[in-house]
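For the record, in the sequence shown the residue sitting at position 16 is 16 according to UniProt numbering, with numbers rising by one throughout.
The beta carbon of each residue, even a glycine, is placed where N, CA and C say it ideally should be.
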Amino acid sequence: MEKTKKFYKHRLGLGLLKWMANNKAEMEKNKGAKLQLVKSLRGLESASGVSYRIIQGISKGERSPEYTTLEAIAEALNVKLSTFLEFCEKISEEEIFQVIEKTNSQKSKSKK
Numbered sequence: 001m002e003k004t005k006k007f008y009k010h011r012l013g014l015g016l017l018k019w020m021a022n023n024k025a026e027m028e029k030n031k032g033a034k035l036q037l038v039k040s041l042r043g044l045e046s047a048s049g050v051s052y053r054i055i056q057g058i059s060k061g062e063r064s065p066e067y068t069t070l071e072a073i074a075e076a077l078n079v080k081l082s083t084f085l086e087f088c089e090k091i092s093e094e095e096i097f098q099v100i101e102k103t104n105s106q107k108s109k110s111k112k
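Set out below in structure tokens:
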């Protein structure tokens, strides 16, 4: 399958969701520690100053965020933007295409 803008938006969205899932797992694992990790889209909204609607759109692969938005999100996640983007790039193409197919099938079902 060809890599399109849609592919890259979904890669970023999937990376964001996986990063927060990792944060949530880390907090569960270290319940006694006072970790300050963002573990939800609403928490990310609060920590980054980026609206929930924009964050949700990014996480669903529906939005192409501006550089400043990505910087704010990375800062809220307490990670360098380059590290976050490297994390996203490690997601397999197969997994990204599966998410795209699932999204497309859900959209076609909702149109019927």
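Judged by DSSP in its simplified three-state form, Ile55 adopts helix. In this structure, the straight-line span from the alpha carbon of Glu45 to that of Asn30 is close to 23 Å.
Secondary structure at Leu77: coil, using DSSP grouped into helix, strand and coil. In the three-state reduction of the DSSP assignment, Asn30 falls in the coil class, being assigned neither a helical nor a strand state.
As the crow flies, the alpha-carbon of Gln36 is around 11 Å from that of Lys24. With the rule of 3 Cβ pairs closer than 8 Å, the segment 94-107 counts as touching the segment 5-14. In its chain, beyond the 5 residues on either side, Ala74 have a beta carbon closer than 6 Å to the beta carbon of Phe84. Boundaries of the alpha helix (DSSP H) harbouring Glu93: Glu93 to Lys111, taken from the DSSP string. Residue environment analysis places Ala21 among the exposed positions, since fewer than 16 neighbouring C-beta atoms fall within 10 angstroms of its C-beta. In this structure, Trp19 is the residue among Trp19, Arg11, Gly13 and Leu14 with its C-alpha nearest to the C-alpha of Val79. The beta carbon of Val38 sits closer than 7 Å to the beta carbons of Met20, Asn23, Leu44, Ala47, Ala76 and Leu77 from its chain, once the five residues preceding and following it are set aside; these are given in chain order.
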